[in-house]
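Chemist:
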Amino acid sequence: MARTPSAMKYHRQSEKRRLDNRARKSTIRTFTKKALAAADSGDVDAAAKYQKVVQGLVDRAAKGSTLHKNTAARRKARLAKRINAAKASQGSA
96 MARTPSAMKY
106 HRQSEKRRLD
116 NRARKSTIRT
126 FTKKALAAAD
136 SGDVDAAAKY
146 QKVVQGLVDR
156 AAKGSTLHKN
166 TAARRKARLA
176 KRINAAKASQ
186 GSA
């Protein structure tokens, strides 16, 4: 455990950052699941709405140090790919 005052402060700060990052990533996962569920059920409009929300959340997480920029790009690309596939299958059906 930290003994010096500066080490204790650093520990408090890192714990606060960890909890903030955890909450931010949880929100991203929740909205990603909602977008994928909407796309799988055929509700493309709702999926597109959730996709826009997810992209904003992911970009903000990558702006800080919560997510790496390449991770953010990969998550957005994979989500877009799934939603576009759902749109295409809905259009052909």
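Residue numbers (this note's numbering): 96 to 188.
For glycine and all other residues, C-beta sits at the position ideal for the given N, C-alpha and C.
These figures come from a predicted structure and were not determined experimentally.
(1) Here's the rule I'm using: 16 or more other beta-carbon atoms within 10 Å means buried, otherwise exposed. How should Leu114 be labelled?
(2) What residue does the alpha helix (DSSP H) around Arg119 start on, and which one ends it?
(3) How long is the line joining the alpha carbons of Leu152 and Arg119, rounded to whole angstroms?
(4) Which of the three DSSP states, helix, strand or coil, is assigned to Gly159?
(5) State buried or exposed for Arg170, treating a residue as buried only when at least 16 other CB atoms are found within 10 Å of its CB.
Modeler: Let me lay it out:
(1) exposed
(2) Pro100 to Ser136
(3) 8 Å
(4) coil
(5) buried
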